[in-house]
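Take a look at the structure below.
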Amino acid sequence: TDVPTDVSADGGVAGDTGAESSFVAKSDGDLIIEPYLSTYSPAAFHVFVDGKDVFSWVRSDSTSKEPCVFQGAADDKSMIENKPGDYSPAPGLKYTVALKAGQKVTSTKSGSYESGTYLKISGPFDGAAAAPAENAADNKEGGKAATGDAKPAAMDDVLNTR
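FYI, the numbering for the sequence shown is 245 to 406, going by the working numbering.
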């Protein structure tokens with residue numbers, strides 16, 4: 245799948261990388277949100293389904309304990325304490341929301357990010373970069389991605405800083 249990028253050329257290290265992307269669910273399936281928000285300055289991620297905020301992560305700096313919020317509940321496991329009072333985002337976070345065909349998913353990103361920050365959105369989306377369902381899992385072994393996870397027919401919305 246081609247991956248659209250909506251991040252500034254400077255990687256977001258200096259300046260606002262505000263961006264918004266929207267996708268429409270082509271069929272029923274799972275919306276998968278994989279976030280990692282590392283920052284020295286204020287930054288935020290939001291994911292909406294039909295205008296309802298299902299995921300948000302707002303951080304003011306690099307050390308505050310500011311966990312992400314998934315479906316209205318703070319996820320304390322989204323932050324790790326490096327030393328007393330010094331928190332960082334936890335790696336490997338993944339959140340899943342059931343989608344119905346026709347639902348609109350919108351992701352927004354704002355603020356300044358540290359290198360390595362990303363927000364990956366995948367699911368049964370339509371759009372120019374979406375792969376047809378029968379081709380989404382080109383890998384052998386019945387649609388398994390190299391990691392062993394099933395790879396959904398998806399458009400990836402990825403913010404990757406350099």
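Every residue gets a Cβ at the ideal spot worked out from N, C-alpha and C, and that includes glycine. None of these values were measured; they are calculated from a predicted model.
Excluding the 5 residues preceding and the 5 following residue i in the sequence, name in chain order all residues of the same chain whose CB lies nearer than 6 angstroms to its CB.
| i | result |
| --- | --- |
| Glu314 | It should be noted that the sequence gives Phe, not Glu, for residue 314. Here the set comprises Phe299, Tyr339. |
| Cys352 | According to the sequence as given, residue 352 is Thr; it is not Cys. Excluding positions up to five away in sequence, the list reads Glu264, His290. |
| Lys344 | Asp272 |
| Phe292 | Thr350 |
| Gly392 | Legend: pLDDT at Gly392 = 37, less than 50; position of this residue unreliable, no value from coordinates given. |
| Ser288 | Here residue 288 turns out to be Ala, not Ser, going by the sequence shown. Closer than 6 angstroms at the Cβ level, and outside the excluded window around Ala288, lie Val302, Ser354, Gly355. |
Residues in its own chain within less than 8 angstroms of residue i by CB, not counting five upstream and five downstream?
| i | result |
| --- | --- |
| Ser310 | In the sequence as presented, Ser is not what sits at residue 310; that position holds Glu. If we look at Glu310 and ignore the five residues flanking it on each side, its Cβ neighbours are Trp301, Val302, Arg303, Ser304, Met323, Tyr331. |
| Tyr284 | Asp305, Ser306, Ser356, Glu358 |
| Ala318 | Pro311, Cys312 |
| Gly346 | Val268, Ala269 |
Tell me where the beta strand (DSSP E) around residue i begins and ends.
| i | result |
| --- | --- |
| Phe314 | 312 to 314 |
| Ala263 | 263 to 268 |
| Thr350 | 348 to 355 |
| Phe369 | Looking at the DSSP string, Phe369 is not in any beta strand (DSSP E), and its letter there is neither H nor E. |
| Pro333 | 330 to 333 |
| Lys296 | 296 to 303 |
| Asp319 | 317 to 319 |
Sort out for me which residues DSSP pairs residue i with in a bridge.
| i | result |
| --- | --- |
| Asp274 | Ala342 |
| Tyr280 | Tyr362 |
| Lys309 | None; Lys309 has no bridge partner. |
For residue i, which residues of its own chain have a beta-carbon under 7 angstroms away from its beta-carbon, when the five flanking residues on both sides are left out?
| i | result |
| --- | --- |
| Ala372 | Residue placement at Ala372 cannot be trusted, given a pLDDT of 36 that sits under 50; the coordinates are not used to answer. |
| Lys428 | The first residue shown for the chain is 245 and the last is 406, placing residue 428 beyond what the model contains. |
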